[in-house]
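Chemist: Before we start, here is the structure in question, set down as structure tokens.
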Amino acid sequence: MPEPEFATPLVVLDLTGIFFFAVAGALVAVRRNLDLFAALVLGGVTGLGGGMIRDVLIGATPPAALADWRYLLVPVVAGLLTFAFHGAVGRLERVVTLFDAFGLALFCVTGALKAVEYGLGPLPAALLGMVTGIGGGMIRDVLAGSVPVIFEGVLYATPALAGALVAVLLDRADLPFAVVATGGFATCLGWRLLALVRGWRAPLPKGPANV
Amino acid sequence: MPEPEFATPLVVLDLTGIFFFAVAGALVAVRRNLDLFAALVLGGVTGLGGGMIRDVLIGATPPAALADWRYLLVPVVAGLLTFAFHGAVGRLERVVTLFDAFGLALFCVTGALKAVEYGLGPLPAALLGMVTGIGGGMIRDVLAGSVPVIFEGVLYATPALAGALVAVLLDRADLPFAVVATGGFATCLGWRLLALVRGWRAPLPKGPANV
Amino acid sequence: MPEPEFATPLVVLDLTGIFFFAVAGALVAVRRNLDLFAALVLGGVTGLGGGMIRDVLIGATPPAALADWRYLLVPVVAGLLTFAFHGAVGRLERVVTLFDAFGLALFCVTGALKAVEYGLGPLPAALLGMVTGIGGGMIRDVLAGSVPVIFEGVLYATPALAGALVAVLLDRADLPFAVVATGGFATCLGWRLLALVRGWRAPLPKGPANV
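Residue numbers (the numbering used here), protein chains in the order written: chain D, 1 to 211; chain S, 1001 to 1211; chain X, 2001 to 2211.
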């Protein structure tokens, strides 16, 4: 399999996903009244952090995001636009959430397949696909001083893990790349959108916790 | 020295340590009323995070935990059990703390020896042994939104550093593996249990801080 | 270019920068009434964390700080001194801030040049120079339970990025090392000191955020 990050049509998809992740990240900075630098860092970390964790863990250093200037430029542009026009961007949040789901579905698949390419087994590869999708947002939330939002019932990681697992299994069945990618992508996106529309939540602990 | 992680008797010990670390991690999630996914992540991070930091720093990628499915399965099982039966598990906390001390003593030794194997000097190797033991819990606390508990007087890191240092020094003296491992393990476990029983605490700053 | 970290004059500068970073880090621990271990960890992380992130990202493992015992000793000494004499150190905070600016200017340059040496392009190399300067302090703040101070208007990262960028560009122009280093160093230090003296701040978002 060729490096998926650098094939032209996939790069456009990839950069689009990063752009919307970065917008969501920069919005967090603005809403906590953090400065421009924070908007750029939280945007960049949200857009690129998951892939960087994956690349460091599989030994693919320097990470793809540091080897191609477009991957650095896109979150900077997203951060600047969000910082400048945060009022308008904030009102478009439903759109941002939609595109964010698209980015999640994309990253869980490309992340898992990259891990497979580096020789990881199906279970770790699926896990790293999920990490590619959710890792950036988790670092963002920690840097912004809060518990990751996906720890409090938001159904976000499970669709990413499911999409990654479907992609890995289809890939092991030696199906063509288009089938592998579409299967994983549709699984994650469908589940995530259903969760958004129907208000599905992850289970919370039952009964009082013995503190 | 062979890969200590994959020799059968050591693997059983290792997985036992990871299991109890993961139980302690998942309990933190339940007590903050976080969701099932958080219990799995905090369990996994507590059990595997320290070893992952060590492996990334010494260049042993992908980390051992991503190369053997048992290392992923154990924290998942621990997290699910803790989430489902958190009342019972919480009442057994003294048992969890005991086994956690056992895990700490084990990880500081295996972590330090792995660093030695990768060519690090005695001081950095001992430090990485300590990181293997305490790193996962520190990430867990940060993800759960609090200052690491071992920053507030809990005597936990010092025994780990001492155990790692003893193991590294005995290893340099070319003693047999059983002596090396037992010496480091007993140092850490003994100190940690004494600290628990006698209520020893790490020193806090004296006098008012000029804020 | 030889390894800049191990040439004698640069090592002394480097260790001096790490010392003052570590003092600033340990002060944070004391002011939150954290224990001695926290002072050592926050000191060590502030002094060495940025370089470690850089080294892990460019694949230079084990990081330089784990290959030379002096790099471990210096933050330990800084942490112990700060913990013991925090009253006096706290009153000298203006001096610490001055030396911290010196460390920032040094690390952004050495960090960027090391990234260039490992084959990164100008933009990622400059970014990693900035990360070398600011990364340790960011981890420190997160571990201490707060949002990084450089997210709330402190003008700290921009001078580091500027200094790193100047060094990278001068290096690409094949100028002698002394010119490259001095140019980057002076850019960062001058900007940072002006920001301190004149009270310059990074821009905050305008208008109310749609929460």
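We treat Cβ as the ideally placed atom computed from N, Cα and C, and that holds for glycine.
Since we're looking at a predicted model, the values are computed, not measured.
1) Would A2029/X and A2039/X be called neighbours here (beta carbons separated by less than 7 angstroms)?
2) State yes or no: is the beta carbon of V1116/S nearer than 7 angstroms to at least one beta carbon in chain D?
3) Three-state secondary structure (DSSP) at P2/D?
4) In terms of residues, what are the limits of the alpha helix (DSSP H) holding F37/D?
5) State the DSSP-derived secondary structure class of R2201/X, mapped to helix, strand or coil.
6) Is it buried or exposed for V1131/S, if we count other Cβ within 10 angstroms and need 16 for buried?
7) Any residues in the region 1045–1074 of chain S with a beta carbon nearer than 9 angstroms to a beta carbon of chain X? Which ones, in chain order?
8) Quick one: does L1081/S have its CB under 7 angstroms from some CB of chain D?
9) My understanding is that P75/D touches G119/D, with C-beta atoms under 8 angstroms, so please give their C-beta distance in whole angstroms.
10) Going by C-alpha distance, which of G2050/X, G2017/X, L2027/X is nearest R2091/X?
11) Is the Cβ of L2157/X closer than 7 angstroms to any Cβ of chain D?
12) Any beta-carbon of chain X closer than 7 angstroms to the one on G145/D?
13) Whole angstroms is fine: what's the gap from P176/D's alpha carbon to T182/D's?
14) When the Cα atoms are used, what is the spatial distance from D2100/X to L2193/X?
15) Go to K114/D, then tell me how far its alpha helix (DSSP H) extends in each direction, as first and last residue.
16) Taking C-alpha atoms, which residue in V2154/X, V2142/X, I2139/X, G2079/X lies nearest to V2197/X?
17) Under the three-state reduction of DSSP, which class applies to V154/D: helix, strand or coil?
18) Any Cβ of chain S within less than 7 angstroms of the Cβ of V2131/X?
19) Given that A1038/S touches chain D, what residues does it touch there, using C-beta distances under 7 angstroms?
20) Have a look at C2188/X, P2062/X, K2206/X and flag the residue whose alpha-carbon is nearest the alpha-carbon of A2105/X.
21) Helix, strand or coil for L1120/S, going by three-state DSSP, please let me know.
22) Beta-carbon of M2001/X versus every beta-carbon of chain D: anything under 7 angstroms?
23) Just to confirm, is the Cβ distance from G2111/X to R2054/X under 7 angstroms?
24) Taking just the CA atoms, how far does V1056/S sit from A2060/X?
25) When you compare the CB positions of C2108/X and A2164/X, do they come within less than 7 angstroms of one another, or not?
26) Does DSSP put T1061/S in a helix, a strand or coil?
27) Where do the ends of the alpha helix (DSSP H) carrying P75/D lie?
28) Can you tell me whether D141/D is buried or exposed, with buried defined as 16 or more other CB within 10 angstroms of its CB?
29) Cβ of D1035/S less than 7 angstroms from any chain D Cβ?
30) Starting from the beta carbon of L1120/S, find every residue of chain X whose beta carbon is closer than 7 angstroms, and list them in chain order.
31) Leaving out five residues before and five after I2139/X in sequence, what residues of the same chain have Cβ atoms less than 6 angstroms from its Cβ?
32) Could you give the DSSP three-state label for L175/D: helix, strand or coil?
33) In chain order, what residues of the same chain have a beta carbon less than 6 angstroms from the beta carbon of Y2071/X, not counting five sequence neighbours either side?
34) Enumerate in chain order the residues of its own chain whose CB-to-CB distance from F2083/X is below 7 angstroms, with the five nearest sequence positions on each side excluded.
35) Tell me which residues of the region 1077–1105 of chain S have at least one Cβ-Cβ distance to chain D shorter than 7 angstroms, keeping chain order.
36) Measuring only the C-alpha atoms, how far is A2078/X from F2020/X?
Modeler: Judging by the given coordinates:
1) Residue 2029/X sits at position 29 when you count from the first residue of the third sequence. Residue 2039/X sits at position 39 when you count from the first residue of the third sequence. Yes, they are a contact pair.
2) Taking the first residue of the second sequence as position 1, residue 1116/S is located at position 116. Output row for V1116/S: interface = no.
3) As a working note, residue 2/D is residue 2 in the first sequence. With a pLDDT of only 41 at P2/D, under the threshold of 50, the placement of this residue in the model should not be trusted, and no figure is reported.
4) Sequence index remark: in the first sequence, residue 37/D carries index 37 (1-based). Looking at the DSSP string, the run of the alpha helix (DSSP H) that includes F37/D is 36–58.
5) For this step, residue 2201/X is matched to residue 201 along the third sequence. Strand, per DSSP.
6) By one-based count along the second sequence, residue 1131/S stands at place 131. Result: buried.
7) V1056, L1057, I1058, G1059, A1060, T1061
8) Start at 1 with the first residue of the second sequence, and residue 1081/S comes out as number 81. Cβ-Cβ to chain D under 7 angstroms: no for L1081/S.
9) Locating residue 75/D in the first sequence gives position 75, counting from the first residue. Locating residue 119/D in the first sequence gives position 119, counting from the first residue. Not confirmed; about 29 angstroms, so no contact.
10) Here residue 2091/X refers to the residue found at position 91 when the third sequence is read from its first residue. Residue L2027/X is the option with its Cα nearest to R2091/X.
11) For the purposes of this step, residue 2157/X is taken as residue 157 along the third sequence, with counting starting at 1. Just to set this straight, residue 2157/X is Ala in the shown sequence, not Leu. For A2157/X, the answer is yes, since a Cβ of chain D falls inside 7 angstroms of its Cβ.
12) Taking the first residue of the first sequence as position 1, residue 145/D is located at position 145. Yes, its Cβ sits closer than 7 angstroms to a Cβ of chain X.
13) Residue numbering aside, residue 176/D sits at position 176 when the first sequence is read from its first letter. Residue numbering aside, residue 182/D sits at position 182 when the first sequence is read from its first letter. Going by the C-alpha atoms only, they are around 10 angstroms apart.
14) Residue numbering aside, residue 2100/X sits at position 100 when the third sequence is read from its first letter. Residue numbering aside, residue 2193/X sits at position 193 when the third sequence is read from its first letter. Their Cα atoms are separated by approximately 10 angstroms.
15) One-based indexing of the first sequence puts residue 114/D at position 114. Counting along the chain, the alpha helix (DSSP H) containing K114/D begins and ends at 93–117.
16) Walking along the third sequence from the start, residue 2197/X turns up at place 197. The shortest C-alpha separation from V2197/X is found at V2154/X.
17) In the first sequence, counting from the first residue as 1, residue 154/D sits at position 154. It is a strand residue.
18) What you label residue 2131/X is simply residue 131 of the third sequence in a count that begins at 1. V2131/X does not count as touching chain S.
19) Reading the second sequence from its first residue, position 38 is the one you call residue 1038/S. Simply F151.
20) Within the third sequence, residue 2105/X is the residue found at index 105, counting from 1. The shortest C-alpha separation from A2105/X is found at C2188/X.
21) Working through the second sequence from its first residue, we reach residue 1120/S at position 120. If DSSP states are grouped into helix, strand and coil, L1120/S belongs with coil.
22) Mapped onto the third sequence, residue 2001/X falls at position 1. Low confidence applies here, because M2001/X scores a pLDDT of 39, under 50, leaving its location unreliable and the question unanswered by this model.
23) Residue numbering aside, residue 2111/X sits at position 111 when the third sequence is read from its first letter. Residue numbering aside, residue 2054/X sits at position 54 when the third sequence is read from its first letter. A contact, by the Cβ cut-off of 7 angstroms.
24) Indexing the third sequence from 1 puts residue 2060/X at position 60. Indexing the second sequence from 1 puts residue 1056/S at position 56. Going from the Cα of A2060/X to the Cα of V1056/S covers about 11 angstroms.
25) In the third sequence, counting from the first residue as 1, residue 2108/X sits at position 108. In the third sequence, counting from the first residue as 1, residue 2164/X sits at position 164. Cβ distance < 7 angstroms, so C2108/X and A2164/X count as in contact.
26) Translated into positions along the second sequence, residue 1061/S becomes position 61. T1061/S: coil per DSSP, three-state reduction.
27) Position 75 of the first sequence, counting from 1, holds the residue named residue 75/D. Unbroken alpha helix (DSSP H) run through P75/D: 69–84.
28) Taking the first sequence and counting its residues from 1, one reaches residue 141/D at position 141. Buried: at least 16 other Cβ atoms inside 10 Å.
29) Within the second sequence, numbered from 1, the residue matching residue 1035/S stands at position 35. So yes, D1035/S belongs to the interface.
30) Within the second sequence, the letter at position 120 stands for residue 1120/S. Correct list: P2062, L2066.
31) Walking along the third sequence from the start, residue 2139/X turns up at place 139. So the list reads V2045, G2049, once near-sequence residues are dropped.
32) Here residue 175/D refers to the residue found at position 175 of the first sequence. The answer is coil: DSSP assigns L175/D none of H, G, I, E or B.
33) Taking the third sequence and counting its residues from 1, the one referred to as residue 2071/X is at position 71. Within the same chain, Y2071/X has close Cβ partners A2065.
34) The residue you call residue 2083/X lines up with position 83 of the third sequence. A2026, V2030, L2036, A2039, listed in sequence order.
35) F1083, H1086, G1087, G1090, R1091
36) What you label residue 2078/X is simply residue 78 of the third sequence in a count that begins at 1. What you label residue 2020/X is simply residue 20 of the third sequence in a count that begins at 1. Spanning the two alpha carbons is a distance of roughly 8 angstroms.
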